[in-house]
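Which chain is which? The protein sequence lines are A and B, in order.
Per full-length UniProt numbering, the first sequence starts with residue 1, numbered consecutively.
Per full-length UniProt numbering, the second sequence starts with residue 1, numbered consecutively.
Think of the CB as a built atom: it goes at the ideal place given N, C-alpha and C, for glycine as much as any other residue.
Single-structure report; data block below.
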Amino acid sequence: MASFFFKRNPKTPSELVRTLNEQVTKFDTSSDRKKLQDETARYLNSIKVILNGDEDNDPQPDNIAQLAQEVYQTDLLFNLIVNLSNLEFDSRKDVSSLFSTLLRRQIGNRSPTVDYLVANPKVLRLLMRGPEIPNIALITGAILRDCIRVESLAAILLDDPTFWKYFDFSKKGTFENITDAFQTLSDLMLTHKQLTARWLRKNSVNFVRHINSLISSNSYVTKRQSIKFLSQILLDRLFREFMLLYVDSPENLKLVMILLSDKSKNLQVDSFNVFKIFIANPGKSKPVLDILAKNKDKLLQFLENFNPADRKDDKVFREEMEFVIQRVNELPRIKVNNGNVSPNNNPNHYGLQGQSYLNNNSATTNSSNNDMT
Amino acid sequence: MQFKSVVVALASVAAVQAANSSNSSNNSNKTSVSVGAAASNAMGAGVVGAAVAAGYKSCVGPRDSVGRVRDASKTSIRVIPGHMTSTRGNSSFKKLNNPATNFKMYTKTHKSVTQIGFVVKPDSTKSRRLNRPIASSIHLPACLYLSQFIISDTIQLQVPHQAPTPKYPQMNETPSIRFSISKDTIRHVDNTESNPADLYSLKECIGKGNFGDVYRAVEKSTRNIYAIKVINLEDTDDDLSVLFQEISFLSQLRSEYITNYYQTVTTDVFMWIVMEYCGGGSCADLLKCHKQLSEDVVCFIVRDTLKGLEYLHSQNKIHRDIKAANILLTSGGLVKLADFGVSGQITTFNQKKDTFVGTPFWMAPEVINRRSGYNEKVDLWSLGITAIELLTGSPPHSDREPMKVLFEIPKIPPPLLVGEKYSELLKDFIKCCLTKNPKHRPSAEELLKHKFIRGCKRGISLVPLIQVKDQWMASHRPHRRPKYNLLKKLYDDSEATLRWNFTRKPKQILSEIYQAGLPGRNNATILHVDNDDMYQLNCDMNNTAISDYGLSNNNSPESDQISPMNENYLDSGETCLTSPESQPSHQQSYTKHKSKVQAVNNRHSPEEGSESPTAIIHSEEKTYATINYIDDVVMHCLQKVHLRARLAETKAVVVELSRAIKHADNQQPGLAEALSEEIWLRMVELRGERFQAK
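Here it is as structure tokens:
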């Protein structure tokens, strides 16, 4: 019962929140850091008991309501996040659980915490910057992923300029922080797909640039996570518009082909899932077609030998493979005797268009293409 | 951040040590200590302890009475903000002052633990806030007490000079602030920058599993010992994020009753999970040697295992695999729960395809039934079984077929501990653990209050048992062979299985794409080439080209500073390198290149002599595989020019030019190619007859 709780700590839930808030904001000025840490730890613990109950007590809805109200009024969530790195290791986790408990709390259809966070986007913005401080990144990451489940919050997060930094956070830092940032990134884009589809309409160019940068990284882990993530996006019907844009670019194709030829079987399988979209696309752009045609023989050779051990019984995979091989077979053949493709296929590329010989040559290439088809 | 270094050469530390060692003999194990305590002084809290990259810099490590190298990793240093913490027990407390610096030292000995504390006052600080002392303490666990050891090195403290704590929004905080021995041991090392083999040297294999092997390893910078699980990620074809989430979770667990996580580093397709090392082996090892353990010892082990479980369960973590083999011991005799989380996760990872791996003797009935799911109570059943294992040497039913037992466990009544030699409390404790209905089975917290656990005798030490075991193991333990070959890397020579027909090398393409995604780049060249920009560049290029032609027509390319090119430079077999630094290798590569050029001419001149220069270029391209224009042509030529340059200044200019061109080519890949072609075309145009006559 609550009375048991009050015996230990003669404070009402709102008093408790206020005191905690006072303590937390003192980190800036106070001299006795250890004492403050102990105090905040104690108060956070009491709050946890109010929210979740303990062995002898079940949580009381009235107390929780009181507590939540005070949390919003004092901006406690914001202050806790600001001082997260000042808190003790275990207190940080208490903050995370306070956050997620409040987020889940609903009154009818309304979620007061969501309303608060929407009205005060500074909290979310601060959370987004968590990875800048390595030792709290995992805590803010966990809180963010809790928030991402709520669409209105995900919308704010997705539009935050800091979002772009997550591509960078996914490259640099400790292993845990790198993978955690990537998890946040991928959750943010894959949880509310309608939202992401709208967002991609505005940000496709930038997104491709950033995700390609991850895929071209040196790290095996980054490559594997990012190509898998990209294939998830491209293969989703909701992102069709984006997919068409993506498969139009020869640069994207080259990157995927490079990964397709990687020694890692896992990377091969994952990039095959992207490569097949380029092949299946009925309206291939000229540069994309050129690259495919030029590599026709190598592709056929590669695809026919491409048989990952664990996919032998995978019917879908086999069918897709047959389809891809067939389509590659239908490609026009451009004779290339060596690994060097003449620059003239893309006269724009070097900014030298207009030189007579280049024009001549691209004309011949075109005509030879037509002959083939 | 400006650091003020306080270097205190402390003979006093050694003195204190000697005084504290009760049986200090003339053992001359030299163990040096280097403490790099970067204490960051925080405005906000007045005093912030600091990142302690502490460790005993010693190849030897403290030795125990048998003379074996003991587990040095347990020796660490903690920085405690503000004041000394540990005050329990009747401890002797000494205070040492070093007037030379604002450095005070305390030592405290309590039982077998020595704690050295020091307080550093940052001097020259006007701010009242900053005048607060930064205190630290060194925590020396029991195993060091056994050894006589001399600290002969210096202790170095780095105190940031008046560095105010940046508030969160500025995000400039020193990356790690750590406070206590077991709670803040995680490293913040940039994963992308480090190759694990540079950080750790792997020693013998100490365990193996389906997921990968476990090695004892020494961190090179600190000489600390860790246990490293090496996992081949290429073998796990599932979504890696599940595994990575597990590691993140693991990194957020800290307790003295579990083997703590230190860091993860990756190389090639391998992931190295660095964990706390337990030099005392597992309880299963103990059983191999001692066959059975006494009730008192079992009580001690079970109690500390319960504390570990209490912690894990408080973090919503189920261990799922409690057994003697997963209860580890430090060389100092501390009990630590191991093999939760990642390894468990990975075992389930790889075992999906297999029907069943492992022995079911420890499994709770509800795990086998799986009808209504299960919760953390399964660990307590397993603990009960483990207690029987420790007392009798093996879990119940272990003499029977594991798969049969698996189906029987839910049906038959729970095992009971019988026998005159066991106390009633112990029997009752085990009966509590082995309650079939998980709802009625007590939690770890409740079991810690059981009379059997509360009656745990003081002063029980596992150290003698471990030492006997170690001696026994030395002669009995078979050498553990790793299951996986560490040396076999996936990316040993090349990254790719084949080479596509691309204009540029994959590496160039990758690096360009990678660069484009770095922060600060906002050009969108990857998906769309901005045509206006291209047009602009086009015009610029044309203009430059024109003016360059003008220049080259008026001025001879031969300047005073550069030795003239022999008229027969391209034609004769001789090179005309006037510079004394000319090297045979250059000559050779040049000759090779030249002969290639000649070959082109020889082949094409007769039949294509009348064609436009363009034709030559393209036929050449078709015949000759990838020319790396920037390296093989432009840079090569510039190198030649560099060799021909007589003066240092000239050389410098050439170097500068090379850099500029390299840079330009990076910015606009293909530039070198275009440039080479243009030079070639122009040369053919100007001296075409001579070329083709040859």
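Got a sec? Which residues, its chain only, sit under 7 Å from residue i by beta carbon, not counting five neighbours each side?
i: Asp268 of chain B; result: Lys489, Leu490, Tyr491
i: Ser231 of chain A; result: Asp270, Asn273, Val274
i: His450 of chain B; result: Phe429, Cys432
i: Thr191 of chain A; result: Ile148, Arg149, Ala154
i: Asp296 of chain B; result: Lys457, Ile460
i: Leu76 of chain A; result: Val17, Leu20, Asn21
Quick check on residue i: buried or exposed, where buried means 16 or more other Cβ atoms within 10 Å of its Cβ?
i: Ala364 of chain B; result: buried
i: Pro396 of chain B; result: buried
i: Met275 of chain B; result: buried
i: Val35 of chain B; result: Reliability of the predicted coordinates at Val35 of chain B is poor, the pLDDT of 32 falling under 50, and the value obtained from them is presented with this limitation in mind. Label assigned to Val35 of chain B: buried.
i: Gln301 of chain A; result: exposed
i: Glu330 of chain A; result: exposed
i: Val242 of chain B; result: exposed
i: Asn135 of chain A; result: buried
i: Pro161 of chain A; result: exposed
i: Ser475 of chain B; result: exposed
i: Asn316 of chain B; result: exposed
i: Ser201 of chain B; result: exposed
i: Gln225 of chain A; result: buried
i: Ser96 of chain A; result: buried
i: Arg92 of chain A; result: buried
i: Arg400 of chain B; result: exposed
Given residue i, which residues of its chain have a CB within under 6 Å of its CB, disregarding the five upstream and five downstream residues?
i: Arg303 of chain B; result: Ile453, Cys456
i: Pro442 of chain B; result: Cys432
i: Tyr374 of chain B; result: Glu366, Val367
i: Pro13 of chain A; result: Ile50, Asn63, Gln66, Leu67
Look up residue i in the DSSP assignment and give the residues it is bridged to.
i: Asp262 of chain A; result: B:Ala496
i: Asp213 of chain B; result: B:Lys208, B:Val230
i: Met271 of chain B; result: B:Ile231, B:Thr266
i: Ile258 of chain B; result: B:Leu337
i: Tyr200 of chain B; result: B:Glu219
i: Glu276 of chain B; result: B:Tyr226
i: Leu328 of chain B; result: B:Ser282, B:Lys336
i: Arg110 of chain A; result: A:Ile107
If I measure Cβ to Cβ from residue i and keep anything under 8 Å in the same chain, skipping five residues before and after, which residues do I get?
i: Phe300 of chain B; result: Val335, Cys456, Lys457, Ile460, Leu462
i: Thr19 of chain A; result: Lys11, Tyr43
i: Ile388 of chain B; result: Pro395, Pro396, Pro415, Leu417, Ile430
i: His210 of chain A; result: Trp164, Phe167
i: Thr101 of chain A; result: Leu51, Asn52
i: Thr74 of chain A; result: Val17, Arg18, Asn21
CB of residue i to nearest heavy atom of the ligand GTP: below 6 Å?
i: Ala68 of chain A; result: The ligand GTP is not among the ligands present in this structure, which contains no ligands whatsoever.
Discussion item. At a CB distance below 8 Å, what residues from the region 248-270 of chain B approach chain A? Give them in sequence order.
Written reply: Ser248, Ser251, Gln252, Arg254, Gln263, Thr264, Val265, Thr266, Asp268, Val269
Worksheet item: Residues in the region 170-183 of chain A with C-beta within 9 Å of chain B's C-beta atoms, listed in sequence order?
Response: Lys171, Lys172, Gly173, Thr174, Phe175, Glu176, Asn177, Ile178, Thr179, Asp180, Phe182, Gln183
Discussion item. For the pair the region 171-187 of chain A and the region 216-229 of chain A, tell me if three or more CB-CB distances fall below 8 Å.
Written reply: yes
Worksheet item: Of all the residues that make up the region 460-472 of chain B, which are near chain A by a beta-carbon distance shorter than 8 Å?
Response: none
Discussion item. For the structure I just gave you, are there three or more beta carbon pairs, one from the region 233-250 of chain A and one from the region 195-202 of chain A, closer than 8 Å?
Written reply: yes
Practice prompt. Report yes or no: do the region 108-116 of chain A and the region 215-234 of chain B share at least 3 C-beta pairs separated by less than 8 Å?
Written response: no
Practice prompt. Examine the Cβ distances between the region 315-330 of chain A and the region 290-304 of chain A and report whether three or more of them are shorter than 8 Å.
Written response: yes
Discussion item. Please list, in chain order, the residues of the region 489-517 of chain B that have any C-beta partner in chain A closer than 7 Å.
Written reply: Leu490, Tyr491, Glu495, Ala496, Thr497, Leu498, Arg499, Trp500, Asn501, Phe502, Thr503, Pro506, Ile509, Leu510, Ile513, Tyr514, Ala516, Gly517
Worksheet item: What are the residues of the region 208-242 of chain B that lie near chain A, defined by any Cβ-Cβ distance shorter than 8 Å?
Response: Leu233, Glu234, Asp237, Asp239, Leu240, Ser241
Discussion item. Output needed in chain order: residues of the region 183-214 of chain A with a Cβ under 8 Å from some Cβ in chain B.
Written reply: Gln183, Ser186, Ser204, Val205, Asn206, Val208, Arg209, His210, Ile211, Asn212, Ser213, Leu214
Discussion item. Three or more C-beta pairs under 8 Å: does that hold for the region 287-296 of chain B against the region 504-514 of chain B?
Written reply: no
Discussion item. Between the region 315-332 of chain B and the region 405-412 of chain B, can you find at least three pairs of beta-carbon atoms closer than 8 Å?
Written reply: no
Worksheet item: For the region 250-267 of chain A, which residues have a beta carbon sitting closer than 8 Å to at least one beta carbon of chain B?
Response: Glu251, Asn252, Lys254, Leu255, Met257, Ile258, Ser261, Asp262, Lys263, Ser264, Lys265, Asn266
Practice prompt. May I ask you to list, following chain order, the residues of the region 151-164 of chain A that have a beta carbon less than 7 Å from some beta carbon of chain B?
Written response: none
Worksheet item: Between the region 278-286 of chain B and the region 467-474 of chain B, are three or more C-beta pairs nearer than 8 Å?
Response: yes
Discussion item. Give me the subset of the region 107-133 of chain A whose CB atoms are less than 9 Å from a CB atom of chain B, sorted by chain position.
Written reply: Leu126, Arg129, Glu132, Ile133
Fill in: Interfacial residues, the region 87-104 of chain A to chain B, with Cβ spacing under 7 Å
Phe89, Lys93
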